[in-house]
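K.L.:
Below is one structure. I have some questions about it.
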Amino acid sequence: MNDALDVALRLLLVFVVFLTFPLIIGQTEHKVMAHMQGRLGPMYAGGFHGWAQLIADGVKFAQKEDVVPAGADRRIFQLAPAVALLPYLLVLLAIPIGPGEGAVGEVIDAGIFFVLAVMGVGVLGSLMAGWASANKFSLLGGLRTAAQLLAYELPMLLTAASVAMAAGTVSLPGILDAFEWWWLPWQIVGAIVFFVAGLAELQRPPFDMPVADSEIIFGAYTEYTGLRFALFLLAEYAGIVVLCGLTTVLFLGGWHGPWGADGLGWVWTLLKTAVLAFVVIWLRVTYPRLREDQLQKLSWTLLVPLSLTQIALTGIVKVVIQ
Amino acid sequence: MSLAAAAVAAATTTTPPALAAVETRGFLSPTGVEIAFLLVGLVTFGAAIVTVTTRQLVHAALWLVVALGGLAVEYLLLTAEFIAWVQVLIYVGSVVVLLLFGLMLTKAPIGRSPDADSGNRWAALTVAVAAAAALVWVVVDAFRTTWIDLDGPAAGSTKATGESLFQNWVLPFEALSVLLLTALVGAIVLSRKTKTESSSPSVNSRGATGSSSSVPDSRNHPIGRKGQAEQEGAR
Amino acid sequence: MAEPVPPTPTRSRIPGSGLAKGLAVTLRTMTRKTVTEQYPDAQPELPPRTRGVIGLFEENCTVCMLCARECPDWCIYIDSHKETVPPVAPGGRERSRNVLDRFAIDFALCMYCGICIEVCPFDALFWSPEFEYAETDIHELTHERDKLREWMWTVPAPPALDPSAEEPKELAAARKTAEKLATAETEQAAQPEKSEPTKPTDPPKPTKPTEPTEPTKPTDPADSTKPTKRATTQEGDS
Numbered sequence: 148m149n150d151a152l153d154v155a156l157r158l159l160l161v162f163v164v165f166l167t168f169p170l171i172i173g174q175t176e177h178k179v180m181a182h183m184q185g186r187l188g189p190m191y192a193g194g195f196h197g198w199a200q201l202i203a204d205g206v207k208f209a210q211k212e213d214v215v216p217a218g219a220d221r222r223i224f225q226l227a228p229a230v231a232l233l234p235y236l237l238v239l240l241a242i243p244i245g246p247g248e249g250a251v252g253e254v255i256d257a258g259i260f261f262v263l264a265v266m267g268v269g270v271l272g273s274l275m276a277g278w279a280s281a282n283k284f285s286l287l288g289g290l291r292t293a294a295q296l297l298a299y300e301l302p303m304l305l306t307a308a309s310v311a312m313a314a315g316t317v318s319l320p321g322i323l324d325a326f327e328w329w330w331l332p333w334q335i336v337g338a339i340v341f342f343v344a345g346l347a348e349l350q351r352p353p354f355d356m357p358v359a360d361s362e363i364i365f366g367a368y369t370e371y372t373g374l375r376f377a378l379f380l381l382a383e384y385a386g387i388v389v390l391c392g393l394t395t396v397l398f399l400g401g402w403h404g405p406w407g408a409d410g411l412g413w414v415w416t417l418l419k420t421a422v423l424a425f426v427v428i429w430l431r432v433t434y435p436r437l438r439e440d441q442l443q444k445l446s447w448t449l450l451v452p453l454s455l456t457q458i459a460l461t462g463i464v465k466v467v468i469q
Numbered sequence: 049m050s051l052a053a054a055a056v057a058a059a060t061t062t063t064p065p066a067l068a069a070v071e072t073r074g075f076l077s078p079t080g081v082e083i084a085f086l087l088v089g090l091v092t093f094g095a096a097i098v099t100v101t102t103r104q105l106v107h108a109a110l111w112l113v114v115a116l117g118g119l120a121v122e123y124l125l126l127t128a129e130f131i132a133w134v135q136v137l138i139y140v141g142s143v144v145v146l147l148l149f150g151l152m153l154t155k156a157p158i159g160r161s162p163d164a165d166s167g168n169r170w171a172a173l174t175v176a177v178a179a180a181a182a183l184v185w186v187v188v189d190a191f192r193t194t195w196i197d198l199d200g201p202a203a204g205s206t207k208a209t210g211e212s213l214f215q216n217w218v219l220p221f222e223a224l225s226v227l228l229l230t231a232l233v234g235a236i237v238l239s240r241k242t243k244t245e246s247s248s249p250s251v252n253s254r255g256a257t258g259s260s261s262s263v264p265d266s267r268n269h270p271i272g273r274k275g276q277a278e279q280e281g282a283r
Numbered sequence: 083m084a085e086p087v088p089p090t091p092t093r094s095r096i097p098g099s100g101l102a103k104g105l106a107v108t109l110r111t112m113t114r115k116t117v118t119e120q121y122p123d124a125q126p127e128l129p130p131r132t133r134g135v136i137g138l139f140e141e142n143c144t145v146c147m148l149c150a151r152e153c154p155d156w157c158i159y160i161d162s163h164k165e166t167v168p169p170v171a172p173g174g175r176e177r178s179r180n181v182l183d184r185f186a187i188d189f190a191l192c193m194y195c196g197i198c199i200e201v202c203p204f205d206a207l208f209w210s211p212e213f214e215y216a217e218t219d220i221h222e223l224t225h226e227r228d229k230l231r232e233w234m235w236t237v238p239a240p241p242a243l244d245p246s247a248e249e250p251k252e253l254a255a256a257r258k259t260a261e262k263l264a265t266a267e268t269e270q271a272a273q274p275e276k277s278e279p280t281k282p283t284d285p286p287k288p289t290k291p292t293e294p295t296e297p298t299k300p301t302d303p304a305d306s307t308k309p310t311k312r313a314t315t316q317e318g319d320s
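In order, the protein sequences belong to chains A, B and C. Under our numbering, the first sequence is numbered contiguously, ending at residue 469. Under our numbering, the second sequence is numbered contiguously, ending at residue 283. Under our numbering, the third sequence is numbered contiguously, ending at residue 320.
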């Protein structure tokens with residue numbers, strides 16, 4: 148009974164995080180992006196600096212009509228947002244925010260593989276949406292999504308493998324237990340490659356060719372309205388949470404910090420995640436969208452060699468220090 | 049604990065499955081895990097059948113996702129966590145995405161494709177049944193008396209898999225990787241050959257622009273240029 | 083091949099310095115004050131020559147119709163009739179003058195070019211920075227003379243001249259005649275002042291039509307040119 152209660156509590160907590168953190172990041176994006184462009188951003192909803200803007204957006208989405216195009220494949224069209232969103236909920240289960248069993252949704256032995264595998268499944272949602280919409284722009288968006296995923300899955304996996312090699316385990320809490328501060332310079336290249344590849348996999352600017360609104364009018368999501376569209380947006384921001392959390396755990400030492408007692412590890416995790424989320428927004432504001440061939444070139448000629456170099460470096464150092 | 053973790057993660061049930069006692073070994077007194085195994089197996093089997101019988105191409109690919117996912121759950125129930133996640137990662141995450149990419153490129157229609165049926169349906173069925181029979185026979189014969197102890201340390205954990213792979217099975221592993229490498233090199237050779245034949249008139253222009261690596265990819269043939277860059281990278 | 087080439091080719095020596103510069107620009111912008119004006123909550127600070135709405139100083143209008151004729155989109159409507167004025171001196175001819183009946187500007191048509199204000203020879207039209215006169219009915223946008231007069235009270239004083247600037251021409255002319263008159267008076271003190279009109283000696287005040295409240299006009303030196311000009315021209319006119 149106690150076990151069941153424990154599991155239920157953890158699931159509930161993860162669910163709450165899943166529902167609130169993406170909204171917080173979305174609101175931060177509204178405000179940070181506005182100020183980086185010399186604007187103020189939302190100021191009215193909720194009274195104080197537009198804090199309730201996304202809640203108002205949600206209400207608006209919920210009121211909209213749920214339209215399925217006449218030529219669309221109805222069932223796949225309707226299923227796609229769930230396929231896009233749920234994997235991130237599962238991934239959140241595996242990310243530890245503090246030391247010990249109590250601070251992670253569920254300890255998974257092959258944590259890295261679980262996380263990367265399930266994140267890859269999320270892209271299926273975009274593919275399904277792109278194909279089932281019966282819209283050529285959506286189809287183009289789906290194609291671009293698939294090409295992007297294929298190009299960036301490899302460097303992501305390789306750099307994650309580098310960390311796993313360094314730690315000697317593929318379990319996320321295990322990696323954090325083995326973390327030392329000098330891993331930071333040691334794995335810095337891998338960290339950057341992982342972060343960039345993750346951004347590309349989330350289709351965040353500057354890697355947002357699949358949803359390029361000015362070229363292919365939001366790609367796979369062209370035909371979506373109302374709640375289903377909101378689910379896709381939520382998936383994107385949940386993806387940011389997951390990516391930043393993962394980068395924190397794998398490369399930035401998670402709950403380890405220069406100061407702070409044992410009980411405050413989760414503060415460090417959240418702080419690092421928040422800083423990374425800010426960087427995600429910052430990159431979005433700063434850089435223009437890459438062209439499709441530039442995107443492929445970046446992955447194959449820069450990120451993959453860099454990640455291979457990182458693996459080689461990790462292996463050499465690992466052998467030397469043993 | 050790891051089994052509970054996996055099951056919870058896979059099915060998002062709020063109650064951990066009952067870890068049954070392993071003393072009662074027999075098909076007639078099934079435990080909870082065995083029932084789950086059978087049910088998931090049925091779902092996987094059904095999805096696989098639909099995959100090969102449906103007339104809608106993309107639906108077939110998506111049913112393949114269900115079948116492969118069901119297979120991953122079966123691995124989980126057999127405590128082979130690492131294999132399960134690699135299965136999801138490689139097959140669902142990459143192979144099916146590649147498949148869908150191909151289907152989209154060929155403009156797979158929404159709805160039934162009348163020409164999605166093969167003429168040699170019976171021959172295919174025969175081969176499939178024969179292969180299935182052989183595999184089932186081999187597996188049953190090999191592991192008939194092998195039982196997984198659910199209470200002890202996981203028999204299929206990453207550590208166990210790694211040790212077994214790199215201590216007992218290193219040679220097959222390396223042979224397989226050489227085989228894959230050969231396939232990779234072969235694919236590159238094949239694609240290069242057809243490419244030089246088809247685009248022989250543009251050799252000069254390519255030589256002119258391809259000499260400096262800092263020049264961005266040429267605008268007129270991004271795909272061909274990219275392919276060449278990849279091949280050079282792989283070489 | 084494995085050489086780290088930045089995705090965007092930069093001319094600088096350090097690869098990626100252009101990317102860093104971009105990040106710095108956005109970060110710097112974030113720390114600065116935003117340029118957003120929260121208009122309905124805070125009124126904008128408009129420059130004095132803002133083209134908001136056109137005000138009519140009716141007393142200066144002589145119904146010459148220049149504004150209506152020059153208006154590119156014909157948005158000014160003027161009606162008038164003639165009245166006869168009794169002769170100034172007994173036995174003289176009686177004069178006729180135009181009396182304004184209607185002066186309206188249709189701001190639904192107006193394109194705010196300001197030509198009417200430019201061409202008005204008697205300074206009867208002025209720009210006002212007021213801009214909040216949206217209506218739900220397009221007919222309401224035709225502002226009649228009473229409304230145009232209301233806008234007149236919102237016309238700000240013209241910006242002050244530079245400290246060492248040249249005196250406005252009208253003022254200079256008025257003062258010159260005044261000085262000439264003064265010297266003439268002192269020299270020929272015995273001569274009666276009947277033949278000489280006294281108007282230019284005291285330029286703005288007496289000729290000014292008696293209006294209820296004149297916000298800024300008489301106080302400002304540069305602004306007093308307009309009534310002066312009116313006074314002189316009107317004299318020649320009638």
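Built from N, CA and C at the ideal position, the CB exists for glycine as well. In this text, all values refer to a predicted model and were calculated from it rather than measured experimentally.
1. At the 7 Å Cβ level, is Val343 (chain A) part of the contact set with chain C, yes or no?
2. Closest by CA to Leu401 (chain A), which one among A:Tyr434, A:Val388 and A:Leu418?
3. As a quick exercise: from B:Leu183, B:Gly118, B:Val177 and B:Val106, pick the residue whose alpha carbon is nearest that of Ala156 (chain B).
4. Would you say Trp133 (chain B) faces chain A, with C-beta separation under 7 Å as the test?
5. Whose C-alpha, out of A:Val154, A:Val270, A:Leu160 and A:Val464, is nearest the C-alpha of Ala313 (chain A)?
6. Would Gly141 (chain B) pass as an interface residue toward chain A - the criterion being a Cβ-Cβ separation below 7 Å?
7. If the criterion is Cβ atoms closer than 7 Å, does the pair Leu393 (chain A) and Leu232 (chain A) meet it?
8. Between the segment 185-215 of chain A and chain C, which residues of the former have a C-beta closer than 9 Å to a C-beta of the latter?
9. By the criterion of Cβ-Cβ separation under 7 Å, what are the contact partners of Ser205 (chain B) in chain A?
10. Please list, in chain order, the residues of the segment 153-184 of chain A that have any C-beta partner in chain C closer than 8 Å.
11. Per DSSP, what kind of secondary structure is Leu187 (chain A) in: helix, strand or coil?
12. Taking only beta carbons into account, state which residues of the segment 417-430 of chain A come closer than 7 Å to chain C, listed in chain order.
13. If distances are taken between C-alpha atoms only, which option among B:Asn216, B:Gly80, B:Leu148 and B:Val134 comes closest to Trp111 (chain B)?
14. At least one CB of chain B closer than 7 Å to the CB of Ala313 (chain A): is that the case?
15. Would a check of beta-carbon distances place Val336 (chain A) closer than 7 Å to chain C?
16. Can the beta-carbon of Ala132 (chain B) be found less than 7 Å from the beta-carbon of Ala120 (chain B)?
17. Can you list the residues of chain A that Ile236 (chain B) reaches, using a CB-CB cut of under 8 Å?
18. Would a check of beta-carbon distances place Ile96 (chain C) closer than 7 Å to chain A?
19. Around the C-beta of Ser361 (chain A), are 16 or more other C-beta atoms found within 10 angstroms, so that it is buried, or is it exposed?
20. Is the separation between the beta-carbon of Glu232 (chain C) and that of Leu223 (chain C) shorter than 7 Å?
21. What do you get for Trp328 (chain A), buried or exposed, if any count of 16 or more other CB atoms within 10 angstroms of its CB means buried?
22. By the criterion of Cβ-Cβ separation under 7 Å, what are the contact partners of Tyr434 (chain A) in chain C?
23. Could you pull the DSSP bridge partners for Thr333 (chain C) from this structure?
24. Does Phe214 (chain B) have its Cβ less than 7 Å from a Cβ in chain A?
25. Report back the beta-carbon spacing between Phe185 (chain C) and Ile160 (chain C) to the nearest angstrom; my notes put them in contact at under 8 Å.
26. Rank A:Gly269, A:Tyr191, A:Asp204 and A:Gly185 by C-alpha distance to the C-alpha of Leu226 (chain A) and give the top, closest one.
27. Between which two residues does the beta strand (DSSP E) harbouring Ser280 (chain A) extend?
28. Since Cys157 (chain C) contacts Ile199 (chain C) with CB under 8 Å, what's their CB separation in whole angstroms?
29. Kindly indicate which three-state DSSP category Ser266 (chain B) falls into: helix, strand or coil?
30. Quick one: residues in its chain with C-beta nearer than 6 Å to the C-beta of Met183 (chain A), no 5 flanking neighbours on either side, listed in chain order?
31. CA-CA distance, Asp123 (chain C) and His177 (chain A)?
32. Roughly how many angstroms lie between the CA atoms of Leu187 (chain A) and Glu127 (chain C), to the nearest whole one?
33. I think Val214 (chain A) touches Phe260 (chain A), with their Cβ atoms under 8 Å apart; what is that distance to the nearest whole Å?
34. Taking the straight line between their C-alpha atoms, what separation do you get for Phe162 (chain A) and Ala181 (chain A)?
35. Pick helix, strand or coil for Leu411 (chain A), following the three-state DSSP scheme.
36. May I ask you to report which of helix, strand or coil DSSP gives Phe185 (chain C)?
P.N.:
A quick look at the data gives this:
1. Not one chain C Cβ lies under 7 Å of Val343 (chain A).
2. The sequence as given places Gly at residue 401 (chain A); Leu does not occur at that position. The option with the nearest alpha carbon to Gly401 (chain A) is A:Leu418.
3. B:Val106
4. Flagged as an interface residue toward chain A: Trp133 (chain B), by a C-beta distance shorter than 7 Å.
5. Residue nearest to Ala313 (chain A) within the set A:Val154, A:Val270, A:Leu160 and A:Val464 is A:Val464 (criterion: CA-CA distance).
6. yes
7. no
8. Answer set for the segment 185-215 of chain A: Gly185, Arg186, Leu187, Gly188 and Met190.
9. Chain A residues near Ser205 (chain B): Asp256.
10. Considering only beta carbons, the part of the segment 153-184 of chain A lying closer than 8 Å to chain C consists of Val179, Ala181, His182, Met183 and Gln184, in chain order.
11. coil
12. Only those residues of the segment 417-430 of chain A whose C-beta falls short of 7 Å from the nearest C-beta of chain C are listed: Trp429.
13. Answer by Cα proximity: B:Leu148.
14. no
15. With 7 Å as the cut-off, Val336 (chain A) does not count as an interface residue toward chain C.
16. yes
17. Residues of chain A passing the Cβ test: none, with the nearest at roughly 13 Å.
18. Cβ-Cβ to chain A under 7 Å: no for Ile96 (chain C).
19. exposed
20. no
21. exposed
22. Gly104
23. Missing from the structure shown is residue 333 (chain C); chain C here goes from 83 to 320 and no further.
24. no
25. 6 Å
26. A:Gly269
27. First-last for Ser280 (chain A): undefined, no H or E at that position.
28. Between Ile199 (chain C) and Cys157 (chain C) the Cβ distance is about 13 Å, and since that is not below 8 Å, they are no contact.
29. Low confidence applies to Ser266 (chain B): its pLDDT is 42, below 50, so where it sits in the model is not reliable, and the reading given next is rough at best. Ser266 (chain B): coil per DSSP, three-state reduction.
30. Closer than 6 Å at Cβ, skipping near neighbours: Val432.
31. 21 Å
32. In a straight line, the C-alpha of Leu187 (chain A) is about 18 Å away from that of Glu127 (chain C).
33. About 39 Å; that fails the 8 Å criterion.
34. 29 Å
35. In the structure shown, Leu411 (chain A) falls within a helical segment according to DSSP collapsed to helix, strand and coil.
36. Three-state DSSP puts Phe185 (chain C) in a strand.
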